[in-house]
């Protein structure tokens, strides 16, 4: 290092003066294991950046917050043409995907890959998101269809709300549908 | 790479102001960095900063909030109280380490 010049002090901008009140709303509508993660990873990242974040669970996404189902999300390679033999670019023929045991095997493999990255399972991940200040809401129509009440859902779900409640609540938010 | 003066010492930093040389960090520098971003260092803050420093030695990567919870033993919720809004980046900054790379 030959630089001897003392530059003016540089301090990172951690958004101290940022009062833009950035908000992010994520709609989770899928209950497959692989489709549960994108919303959770983005929610967690947004919270870590100081963004006010809420997640709205609807349709199949309800499985992510259902006490009875949240520990048993599954991944099926059927219908997923991007599924390759692990570590290769070779396609697995779709015809073999519905074979017995395929979903269980694929789920186990995916869970292991996720755990290897020290990424938590879905219920733990939601714990972390709530600890970071995230808000969880459930969809009224999905609850009615499944005959679910608050008792069937994670205790930190803040309420079962209608689509219009959600729209009202997310005024000014950026929105992601997954 | 800019060189700036922190707590009376010359240190190398990146364009954002994060220290780039592990060995140039000291507790005095950490205190000065914390002050710049309005963090009042307490024992709880130090516990995390010291964990990050130690963990980096073996991992060669800055621990994420997740890792500070699972390995460092400080719950995410507490991290947000101690280092409001952007805990992972603020902790890394004070610890003189790069921003964490991990997504989670």
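Chains as they are written, first to last, in the numbering used here: chain H, 349 to 526; chain S, 22 to 125. Positions of the beta carbon are idealized from the N, C-alpha and C atoms, including for glycine.
Test item: CB-CB of residue i and residue j under 8 Å
| i | j | result |
| --- | --- | --- |
| residue 74(S) | residue 466(H) | no |
| residue 523(H) | residue 373(H) | yes |
| residue 520(H) | residue 401(H) | no |
| residue 392(H) | residue 480(H) | yes |
| residue 360(H) | residue 39(S) | yes |
| residue 60(S) | residue 25(S) | no |
| residue 455(H) | residue 476(H) | no |
| residue 95(S) | residue 69(S) | yes |
| residue 403(H) | residue 125(S) | no |
| residue 442(H) | residue 451(H) | no |
| residue 117(S) | residue 43(S) | yes |
| residue 48(S) | residue 103(S) | no |
| residue 453(H) | residue 440(H) | no |
| residue 30(S) | residue 50(S) | yes |
Proximity test, Cβ basis, 8 Å: residue i and chain S
| i | result |
| --- | --- |
| residue 434(H) | no |
| residue 358(H) | yes |
| residue 394(H) | no |
| residue 391(H) | no |
| residue 479(H) | yes |
| residue 363(H) | yes |
| residue 469(H) | no |
| residue 482(H) | no |
Assigned exposure category for residue i - 16 Cβ within 10 Å defines buried
| i | result |
| --- | --- |
| residue 446(H) | exposed |
| residue 418(H) | buried |
| residue 525(H) | exposed |
| residue 542(H) | Outside the modelled stretch of chain H, which goes from 349 to 526, sits residue 542(H), for which no answer is possible. |
| residue 83(S) | buried |
| residue 515(H) | exposed |
| residue 85(S) | buried |
| residue 121(S) | buried |
| residue 76(S) | buried |
| residue 387(H) | buried |
| residue 22(S) | exposed |
| residue 470(H) | buried |
| residue 112(S) | buried |
| residue 427(H) | exposed |
| residue 378(H) | buried |
| residue 344(H) | A question about residue 344(H) goes unanswered here, because the residues of chain H that appear run from 349 up to 526. |
Integer-rounded CB distance, given that residue j should sit under 8 Å from residue i
| i | j | result |
| --- | --- | --- |
| residue 45(S) | residue 33(S) | 6 Å |
| residue 54(S) | residue 89(S) | About 18 Å separates the two Cβ atoms, so there is no contact after all. |
Chain H within 8 Å of residue i, Cβ atoms only
| i | result |
| --- | --- |
| residue 114(S) | yes |
| residue 108(S) | yes |
| residue 98(S) | yes |
| residue 111(S) | yes |
| residue 95(S) | no |
| residue 117(S) | no |
| residue 29(S) | no |
| residue 102(S) | no |
| residue 72(S) | no |
| residue 47(S) | no |
| residue 89(S) | no |
| residue 82(S) | no |
| residue 65(S) | no |
| residue 75(S) | no |
Assess contact between the stretch 405-412 of chain H and the stretch 373-391 of chain H, defined as three or more Cβ pairs (one per stretch) separated by less than 8 Å. Is contact present? At 8 Å Cβ cutoff, the stretches touch.
Tell me whether the stretch 103-117 of chain S and the stretch 386-405 of chain H touch, counting them as touching only if at least three CB pairs, one residue from each stretch, are closer than 8 Å. Yes, they touch.
Would you be able to state if there are at least three C-beta pairs under 8 Å between the stretch 483-496 of chain H and the stretch 506-525 of chain H? With a cut-off of 8 Å on Cβ pairs, the stretch 506-525 of chain H is in contact with the stretch 483-496 of chain H, counting three or more such pairs.
Three-pair Cβ contact test at 8 Å for the stretch 411-424 of chain H versus the stretch 489-503 of chain H: Segments in contact, yes.
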